[in-house]
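The structure under discussion appears below in the form of structure tokens.
There are 2 protein chains.
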Amino acid sequence: MPRKAARPTASKDTQTAILDAAEELIQTHGSNGISYATISERVGIRKASIHHHFPTKDKLVEELVRRYARDFLTNVDLIVGSRRKAPAKLRAYIQLFESTLEAAPGRRLCLCGMLGAERENLSPQAATLLKRFYRDNEHRLGQILEAGRKEGTLEFAGDPRTVGMSLFSFLEGAMIVARADRGSRQFRQLSDGVMGLLAG
Amino acid sequence: MPRKAARPTASKDTQTAILDAAEELIQTHGSNGISYATISERVGIRKASIHHHFPTKDKLVEELVRRYARDFLTNVDLIVGSRRKAPAKLRAYIQLFESTLEAAPGRRLCLCGMLGAERENLSPQAATLLKRFYRDNEHRLGQILEAGRKEGTLEFAGDPRTVGMSLFSFLEGAMIVARADRGSRQFRQLSDGVMGLLAG
DNA sequence: GTCTATAGCGCGATAGAC
DNA sequence: GTCTATCGCGCTATAGAC
Numbered sequence: 002m003p004r005k006a007a008r009p010t011a012s013k014d015t016q017t018a019i020l021d022a023a024e025e026l027i028q029t030h031g032s033n034g035i036s037y038a039t040i041s042e043r044v045g046i047r048k049a050s051i052h053h054h055f056p057t058k059d060k061l062v063e064e065l066v067r068r069y070a071r072d073f074l075t076n077v078d079l080i081v082g083s084r085r086k087a088p089a090k091l092r093a094y095i096q097l098f099e100s101t102l103e104a105a106p107g108r109r110l111c112l113c114g115m116l117g118a119e120r121e122n123l124s125p126q127a128a129t130l131l132k133r134f135y136r137d138n139e140h141r142l143g144q145i146l147e148a149g150r151k152e153g154t155l156e157f158a159g160d161p162r163t164v165g166m167s168l169f170s171f172l173e174g175a176m177i178v179a180r181a182d183r184g185s186r187q188f189r190q191l192s193d194g195v196m197g198l199l200a201g
Numbered sequence: 002m003p004r005k006a007a008r009p010t011a012s013k014d015t016q017t018a019i020l021d022a023a024e025e026l027i028q029t030h031g032s033n034g035i036s037y038a039t040i041s042e043r044v045g046i047r048k049a050s051i052h053h054h055f056p057t058k059d060k061l062v063e064e065l066v067r068r069y070a071r072d073f074l075t076n077v078d079l080i081v082g083s084r085r086k087a088p089a090k091l092r093a094y095i096q097l098f099e100s101t102l103e104a105a106p107g108r109r110l111c112l113c114g115m116l117g118a119e120r121e122n123l124s125p126q127a128a129t130l131l132k133r134f135y136r137d138n139e140h141r142l143g144q145i146l147e148a149g150r151k152e153g154t155l156e157f158a159g160d161p162r163t164v165g166m167s168l169f170s171f172l173e174g175a176m177i178v179a180r181a182d183r184g185s186r187q188f189r190q191l192s193d194g195v196m197g198l199l200a201g
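As you go down the protein sequences, you meet chains H and Y in turn. For the first sequence, counting from 1, position 83 maps to 84 in our numbering; every step adds exactly one. For the second sequence, counting from 1, position 127 maps to 128 in our numbering; every step adds exactly one.
See below:
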């Protein structure tokens with residue numbers, strides 16, 4: 002029985018370190034704003050070693066979106082499945098974005114908001130994953146909104162799914178606009194106001 | 002009296018052609034997604050000729066933001082100063098964004114929404130111009146919203162300027178999200194819904 | 001699995017002829 | 001004002017030693 006782990010496990014940490022560094026760098030500078038050199042400096046390995054784990058930049062970005070979407074939606078599902086009322090769920094959901102903007106170092110955007118701006122330069126696979134992330138979020142927001150209106154804690158006109166799509170678009174846009182000015186303070190001010198519009 | 006124009010006038014058209022091409026390319030691919038070579042192909046001149054008009058890429062981007070902000074805000078001021086009621090003004094304002102998304106070729110983002118995502122790679126001057134564009138738009142939206150509430154055609158809770166900032170953020174975000182999916186149709190669906198939330 | 005070294009190309013920018 | 005030519009550098013990606 003091997004003491005720790007024998008074969009393919011040692012690389013797992015390096016892969017994760019590469020993804021972590023790439024994620025933060027792309028959330029800040031965009032995928033067109035960084036290079037293998039940028040990542041390698043951050044991780045402390047050579048460019049060629051990154052190619053060993055992720056043969057092309059496109060594959061790296063695709064894996065990044067997959068991981069980000071999986072982790073993010075896991076958190077969203079925890080919120081959706083919790084026993085709180087709709088307004089509290091909405092606030093918790095919005096907090097996911099706010100904490101991203103506050104994450105050190107600097108002001109990070111949602112990975113998929115950033116990549117949405119760069120969409121025309123992405124691989125077709127990455128573009129598909131991106132669209133799926135948007136739809137998954139819009140769907141879950143629609144669920145929260147619909148339940149809130151039914152239980153009487155939220156008040157708004159129109160289709161919940163459409164309002165959910167609008168709320169999601171607002172959050173992605175607010176991260177970009179707030180980063181250029183007063184940061185997470187501005188983001189919180191705006192999202193509190195929007196919560197007010199939906200709660201009546 | 003010279004028949005047409007003697008000295009510094011012939012270049013004006015080339016400068017404009019460069020700015021036009023750069024604008025469309027950056028709205029689509031981002032400033033990190035294009036190069037002097039990309040622009041030169043589109044305009045039909047050589048890279049070196051672009052450097053004659055805009056010595057560095059930073060200066061080109063700065064001039065682009067200046068021109069875009071000037072033209073866009075001129076259109077906004079025409080809307081603000083018109084005799085229509087607030088809901089019609091709001092619709093006209095939103096139409097400015099929708100027509101950008103519809104502009105051929107392809108789906109263009111707001112230049113300043115795109116550059117907002119790339120903000121951390123911009124020159125300090127460009128970043129300042131960007132922030133000013135955001136604030137100018139938010140200010141004018143606040144005016145429209147406040148007037149609408151006073152005249153009784155709009156109904157919403159909270160500070161009009163804050164709601165204006167939120168609406169602006171929504172529009173920037175909706176362009177990005179809609180481009181990844183159903184385009185201007187989706188954008189119109191969402192913005193119509195938001196208009197409904199503000200009109201009661 | 002990580003390294004050095006390098007291929008092959010595109011980048012922003014400049015020099016200098018016309 | 002536009003061109004050709006080129007510099008110096010950074011990029012993605014690969015080959016091959018260890």
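For every residue, glycine included, the Cβ atom is placed at its ideal position computed from N, Cα and C.
Applying a beta-carbon distance threshold of less than 8 angstroms, which residues of chain Y neighbour residue i?
i                      : result
valine 62 of chain H   : In chain order: nothing, as chain Y lies at least about 14 angstroms away.
lysine 132 of chain H  : Ala181 and Asp182
leucine 142 of chain H : Here the premise fails: no neighbours, minimum Cβ distance about 12 angstroms.
Is it buried or exposed for residue i, if we count other Cβ within 10 angstroms and need 16 for buried?
i                            : result
alanine 181 of chain Y       : buried
lysine 90 of chain H         : buried
aspartate 38 of chain Y      : Here residue 38 of chain Y turns out to be alanine, not aspartate, going by the sequence shown. Burial call: exposed.
arginine 120 of chain Y      : buried
serine 83 of chain Y         : exposed
glycine 149 of chain Y       : buried
glutamate 99 of chain Y      : buried
threonine 29 of chain H      : buried
arginine 141 of chain Y      : buried
leucine 191 of chain H       : buried
glycine 201 of chain Y       : exposed
leucine 79 of chain Y        : exposed
lysine 13 of chain Y         : exposed
arginine 108 of chain H      : buried
threonine 75 of chain H      : exposed
arginine 4 of chain Y        : The predicted position of arginine 4 of chain Y is uncertain, since its pLDDT is 38 and thus under 50; a value taken from the coordinates is nonetheless stated next. Classification of arginine 4 of chain Y: exposed, given that the 10 Å Cβ count is below 16.
glutamate 42 of chain H      : exposed
phenylalanine 188 of chain H : buried
glycine 45 of chain Y        : exposed
threonine 101 of chain H     : buried
alanine 105 of chain H       : exposed
Mind pulling the chain Y residues with CB within less than 9 angstroms of residue i?
i                         : result
asparagine 76 of chain H  : In chain order: nothing, as chain Y lies at least about 20 angstroms away.
isoleucine 177 of chain H : Gly114, Gly117, Ala118, Arg120, Ser170, Glu173, Gly174 and Ile177
arginine 128 of chain H   : Sequence check: residue 128 of chain H is alanine here, not arginine. Within chain Y, the residues near alanine 128 of chain H are Ala181.
leucine 65 of chain H     : Ordered by position in chain Y, no residue passes the 9 angstroms Cβ test against leucine 65 of chain H, which lies about 16 angstroms from the chain.
List, in order along the chain, the chain Y residues whose C-beta lies closer than 7 angstroms to that of residue i?
i                           : result
phenylalanine 98 of chain H : Within 7 angstroms Cβ-Cβ: nothing; phenylalanine 98 of chain H doesn't reach chain Y, min ~11 angstroms.
Give the C-beta separation of residue i and residue j to the nearest angstrom, bearing in mind that I take them to be a contact with Cβ-Cβ under 8 angstroms.
i                            : j                         : result
methionine 115 of chain Y    : glycine 31 of chain Y     : 5 angstroms
glycine 245 of chain Y       : glycine 159 of chain H    : Residue 245 of chain Y lies beyond the stretch modelled for chain Y, which goes from 2 to 201, so this question has no answer here.
leucine 65 of chain H        : leucine 112 of chain H    : 7 angstroms
phenylalanine 171 of chain H : alanine 70 of chain H     : Incorrect: roughly 20 angstroms between the Cβ atoms, too far for contact.
glycine 117 of chain Y       : isoleucine 177 of chain H : 4 angstroms
leucine 61 of chain H        : alanine 23 of chain H     : 6 angstroms
At 7 angstroms on the CB atoms, spell out the chain H contacts of residue i, in chain order.
i                         : result
arginine 120 of chain Y   : Arg180 and Ala181
methionine 115 of chain Y : Ala118
valine 195 of chain Y     : Ser167
leucine 191 of chain Y    : Thr163, Met166, Ser167 and Ser170
leucine 198 of chain Y    : Phe157, Ala158 and Leu198
Please compile the residues from chain H whose C-beta is within a distance smaller than 8 angstroms of the C-beta of residue i.
i                      : result
leucine 110 of chain Y : Ala118
alanine 70 of chain Y  : Under the 8 angstroms cutoff, chain H gives no residues; its nearest Cβ is about 13 angstroms from alanine 70 of chain Y.
Residues of chain H with CB closer than 9 angstroms to the CB of residue i, please, in chain order.
i                        : result
isoleucine 95 of chain Y : By Cβ distance, chain H contributes nothing, its closest Cβ being about 12 angstroms from isoleucine 95 of chain Y, past 9 angstroms.
Problem set entry | Positions along the stretch 48 to 62 of chain Y whose CB lies within less than 8 angstroms of some CB in chain H | Residues of the stretch 48 to 62 of chain Y that bring their beta carbon within less than 8 angstroms of a beta carbon in chain H are absent altogether.
Exercise. If you measure beta-carbon to beta-carbon, which residues of the stretch 147 to 172 of chain Y are closer than 9 angstroms to chain H?
Worked result: Taking 9 angstroms as the cut-off between beta carbons, the residues of the stretch 147 to 172 of chain Y near chain H are Phe157, Ala158, Gly159, Asp160, Thr163, Val164, Met166, Ser167, Leu168, Phe169, Ser170, Phe171 and Leu172, in sequence order.
Exercise. At a cut of 8 angstroms, does the stretch 146 to 158 of chain H reach the stretch 160 to 178 of chain Y through at least three beta carbon pairs?
Worked result: Between the stretch 146 to 158 of chain H and the stretch 160 to 178 of chain Y, the count of C-beta pairs closer than 8 angstroms stays below three; the two stretches do not touch.
Problem set entry | Contact residues within the stretch 23 to 48 of chain Y, judged by C-beta distance below 8 angstroms to chain H | Going along the stretch 23 to 48 of chain Y in chain order, one finds Thr29, His30, Gly31, Asn33 and Gly34 with a Cβ nearer than 8 angstroms to chain H.
Exercise. If contact means a Cβ-Cβ distance below 8 angstroms, which residues of the stretch 78 to 91 of chain H contact chain Y?
Worked result: Those would be none; no residue qualifies.
For this session: Assess, as a yes-or-no matter, whether the stretch 38 to 54 of chain H is touched by the stretch 128 to 147 of chain H under the definition of 3 or more beta carbon pairs within less than 8 angstroms.
Result: At 8 angstroms Cβ cutoff, the stretches do not touch.
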